[in-house]
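Number of protein chains: 2
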Amino acid sequence: MIHLQIGKIIRDYNNFAIVSHTSPDGDSMGSMLSLYSILQQNNKKVDMFLDDVLPERYSFLPFSEAIRPFIEGKKYDCVFALDCGDPERLGKCKELISKAMMVVNIDHHISNYLYGTINMLDINASSTGEILYDLFISNNYEINKDTAECLYTSILTDTGGFKYSNTTSKTFRIVGDLISTGIDFPKIYSSIYDRKSIGQVKLMSRVVSTLDMALDNRVALLSMFPGMLKESGANEEDASEFINISRDIDGVEVAVFIKEKTNQSFRISLRSKNVVDVRKIAERFGGGGHIRAAGCTVEGNYEMVKTLLIDEIKKHMDVID
Amino acid sequence: MIHLQIGKIIRDYNNFAIVSHTSPDGDSMGSMLSLYSILQQNNKKVDMFLDDVLPERYSFLPFSEAIRPFIEGKKYDCVFALDCGDPERLGKCKELISKAMMVVNIDHHISNYLYGTINMLDINASSTGEILYDLFISNNYEINKDTAECLYTSILTDTGGFKYSNTTSKTFRIVGDLISTGIDFPKIYSSIYDRKSIGQVKLMSRVVSTLDMALDNRVALLSMFPGMLKESGANEEDASEFINISRDIDGVEVAVFIKEKTNQSFRISLRSKNVVDVRKIAERFGGGGHIRAAGCTVEGNYEMVKTLLIDEIKKHMDVID
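As they're listed, the protein sequences go chains C and F. The numbering used here applies: residue 21 is where the first sequence begins, and numbers increase by one. The numbering used here applies: residue 21 is where the second sequence begins, and numbers increase by one.
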């Protein structure tokens, strides 16, 4: 059984590194830190590396201050690569993989390249954290509060707060076990989801004031101009979730976010609720994406860009009528 | 054991009514409908009554169309009163209680008056739905998809999406069991939480544009004037959650929502994040509430009211500095 095989590796080796993908998220951070916590408890020498800036949002996690940027010339006997389907997404940390005697690749993404010496891939797991929980339990490692906080964060964030369809009965059972350690999960939840900057709130008010409805209120458009960022003291990243505000309006099928990049050039994000394949709409303008979330860039003046988009969306709406 | 005692009542009686509190919420609706589903499966005659308007948000729930407003002169052998601590909160349905041979009072509120012939009170349960789950399992009633959807809704809403501290390991285990019936829980989640009206979104933009920060950005104030409701085509209820937007700003300890009711009269809502007892602030103006959520009415002109509030909040901030 692979769980016990990895347990044996943890017993046999002593010099570990843990790496994960760039653009770190709750699952990659939580996974790294939970495994770090377990290896430390087992008196192992272990370092963590991430070739990116750590999100402030997850700085509350235990041991997060021990994650370091990539350091040239380091070499480890065993490297754990977590939540990362493609070694290219490790950034510079890829080098640690190529130098290691043993690479343990633990992930839940179906696209995983199986680049490890040992590959523990479970595409039915909600998150890499969920796989690690199984690993820890199978090897009788003690899940203390620190470890539980990290695993809870992994699972919470990769399931969107237990609401995505990747959440299973097993996921809920595991979370039940994790909170029984006595972690302050309401505080963790708030730290992650219930926080905004003043600038972000000001920017939201400005962007939402541009709300425009089309095609019998089945399309909702929001727009953002560079001046709004300046006035509100926010950055583009602060606007990343605003499109959900328009998508969540009752009766809306397609939500459009129009972001002016430079004069006459607009970055477009598209979301659909139930039916329309927005990837096809984005592809019409040379973009791409998924069925429910896609993007493209459109040149022209603002009103013309809006009309072009609505006309194209109309064609895809007509099909479903 | 009370579970089996209630099971016997369900076996012995045949003529049931189910009632719950006015201002129905997800737990009261989900509880009523899950019990209705079980009684129907057991071939019992059962009616449901609610002395209030049913929230559109929960109209997707199975059997919700069977809930009726109170009808004068009806009489039932056994009445189940669910999620309701005080018979006065049943509105006109209180009459059914006084006429019934047997009243089964099932609730999780510590304030429950124990007004039933049988009282099943579990203050450690996250929701009445969680208590009903135990009741159904103990009596070997089959929890089918309909029943599971209702119980999931009960638990989801009373735990604020599994984030409040009333959520326990047991809660998570139960939710795991409920979703194993194959219910489309991501759709239920979205139906309840991810929906807004156009008017509500327009109103939010207007209200959030009034954002005012005070006391070194530790106090965030939002204001709403009657004209905003008219312009956006929204109603007061649409604004009920806006105060969370300001409370969730990083560094904010106290959030204030100022709602102009009539000229020179303002309804004030107060929320605090971690430390300040806002009830004390509300009491200073003749209002009341809880430590983290309170309210009061203040008379005067807008700027004066704001200054009065900030001055009072400052006193309570100074204490914690």
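Glycine is no exception: its CB is placed at the ideal position from the N, C-alpha and C atoms.
Item                                                                                                                                      : Value
Residues of its chain near S252(F), where Cβ-Cβ distance is below 7 angstroms and the 5 sequence neighbours each way are ignored          : G219, K222, L223, R226
Host alpha helix (DSSP H) of A254(F) (start-end)                                                                                          : Counting along the chain, A254(F) falls outside any alpha helix (DSSP H), and DSSP gives it neither H nor E.
Counterpart residues of M140(F) in DSSP-defined beta bridges                                                                              : I126(F)
Beta carbon of Y33(F) nearer than 8 angstroms to that of D97(F)                                                                           : yes
Every unbroken beta strand (DSSP E) within the stretch 53-109 of chain F, with a cutoff of 3 residues, ordered by chain                   : 65-69, 98-102
Minimum Cβ-Cβ distance from N63(C) to chain A less than 8 angstroms                                                                       : You won't find chain A in this structure, because its protein chains are C and F.
Residues near L141(C) in its chain [Cβ-Cβ closer than 6 angstroms; skip 5 each side]                                                      : D127, N132
Own chain, CB closer than 8 angstroms to P44(C), minus 5 neighbours either side, in chain order                                           : L70, D72, L74, P75, Y78
Proximal chain C residues relative to K222(F), where beta-carbon distance stays under 9 angstroms                                         : V228, S229, L231
Within chain F, partners of F192(C) - CB distance below 8 angstroms                                                                       : F192, R193, V195, G196, I199
C-beta contact flag for L152(C) and L134(C) at 8 angstroms                                                                                : no
Contacts around T42(C), its chain only, beta-carbon distance under 8 angstroms, and the 5 residues preceding and following it disregarded : L70, D71, D72, R109, L110, G111
Residues near A145(F) in its chain [Cβ-Cβ closer than 6 angstroms; skip 5 each side]                                                      : H128, I151
C-beta neighbour in chain F for Y184(C), strict 8 angstroms                                                                               : yes
Rounded Cβ spacing between V239(F) and M233(F) (contact assumed at less than 8 angstroms)                                                 : 7 angstroms
Residues that K279(F) bridges to, as DSSP identifies them                                                                                 : M244(F), R287(F)
Contact set between G50(C) and chain F, taken where Cβ atoms lie within less than 8 angstroms                                             : The contacting residues do not exist; G50(C) stays about 17 angstroms from chain F at best.
Spatially closest choice to V321(C) from E280(C), M244(C), F305(C), by CA coordinates                                                     : In the sequence under discussion, the amino acid at residue 321(C) is Asn, which differs from the Val named in the question. Ranking E280(C), M244(C), F305(C) by Cα distance to N321(C) puts E280(C) first.
Nearest neighbour of E261(C), chosen from S200(C), Y213(C), I130(C) [CA to CA]                                                            : Y213(C)
Cα-Cα separation between P206(F) and R312(C), rounded to whole angstroms                                                                  : 15 angstroms
Whole-Å CB distance - D67(C) paired with A37(C), under 8 angstroms assumed                                                                : 5 angstroms
Rounded straight-line distance, which links the Cα of Y161(F) to that of V304(F)                                                          : The question names Val, but residue 304(F) in the sequence shown is Arg. Cα-Cα distance, rounded: 52 angstroms.
Alpha-carbon spacing of T230(C) relative to L241(C), whole angstroms                                                                      : 8 angstroms
Continuous alpha helix (DSSP H) stretch holding E162(C): start and end                                                                    : Taken as a continuous stretch (DSSP letters only), E162(C) belongs to no alpha helix (DSSP H), as it is neither H nor E.
Whole-number beta carbon distance between H23(C) and N159(C), since they are thought to touch under 8 angstroms                           : 6 angstroms
Residue of P82(C), K216(C), I138(C) minimising C-alpha distance to M121(C)                                                                : I138(C)
Close-in-space but distant-in-sequence residues of the same chain around D106(F) (CB under 7 angstroms, 5 per side omitted)               : Y133
Rounded C-alpha distance that separates E169(F) from F182(C)                                                                              : 15 angstroms
Beta-carbon proximity check, S289(C) vs G271(C), cutoff 8 angstroms                                                                       : no
Residue-chain proximity (N342(F), chain C), Cβ-Cβ < 8 angstroms                                                                           : The structure shown does not extend to residue 342(F), since chain F is modelled only from 21 through 341, so no value can be given for it.
Assumed close pair N309(F), T317(F) - CB separation to whole angstroms, cut-off 8 angstroms                                               : As written in the sequence, residue 309(F) is Gly, which differs from the Asn given in the question. Not confirmed; about 12 angstroms, so no contact.
Residues of its chain near T201(C), where Cβ-Cβ distance is below 6 angstroms and the 5 sequence neighbours each way are ignored          : K165, A168
Strand pairing of M337(F), partner residues [DSSP]                                                                                        : In DSSP, M337(F) forms no bridge with anything.
6 angstroms Cβ shell around T187(F) - same chain, five flanking residues per side excluded                                                : S146, T179
CA nearest to the CA of P246(F), picked from S217(F), D236(F), I278(F), R267(F)                                                           : I278(F)
S8(C) - DSSP class collapsed to helix/strand/coil                                                                                         : Nothing can be reported for residue 8(C), as the shown portion of chain C is limited to 21 through 341.
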